[in-house]
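Numbering (UniProt numbering), first residue to last: 1 to 98.
C-beta atoms are modelled at their ideal positions from N, C-alpha and C, and glycine is treated no differently.
Here the structure comes first, spelled out in structure tokens, and everything after it is commentary.
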């Protein structure tokens, strides 16, 4: 019996517009953002107070999301900023839209 692949999310957190960026991957975006906000999501986010979700993309297979996250982490900072600004030019917190 083959199990179905569970989907996931690739996302970017920040502390302010064009601030420090964190690229992550998760199966449960809302839960993960709450973890980042309460300081238990990652040491990096906690250390830099990254609490604003500014970009997220859903993927059908978590394996694809992990591969996409790894690609984004290798991107230049300017490319990540452009990615956010294409869909969220005001760097609004997208958490309430989940």
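*asked:* Here's the rule I'm using: 16 or more other beta-carbon atoms within 10 Å means buried, otherwise exposed. How should residue 97 be labelled?
replied: exposed
*Throw me the rounded Cβ distance for the residue 45 and residue 11 pair, which I believe falls under 8 Å.*
About 11 Å separates the two Cβ atoms, so there is no contact after all.
*Where do the N-terminal and C-terminal ends of the beta strand (DSSP E) with residue 57 fall, by residue?*
52-59
_residue 73 versus 13, 8, 7, residue with shortest Cα-Cα distance_ = 13
_Coil, strand or helix - residue 94 by DSSP_ = coil
_CB-CB length for residue 51 against residue 37, believed under 8 Å_ = 5 Å
*Identified DSSP bridge partners for residue 26*: 9
*Neighbourhood of residue 91 by C-beta, 6 Å cutoff - its chain only, sequence neighbours within 5 removed*: 17, 54
*Apart from the five residues just before and just after residue 59, which ones in its own chain have a Cβ nearer than 8 Å to its Cβ?*
7, 8, 9, 10, 65, 68
_Taking a contact to mean a Cβ-Cβ separation below 9 Å, would you say residue 19 touches residue 41 in this structure?_
no
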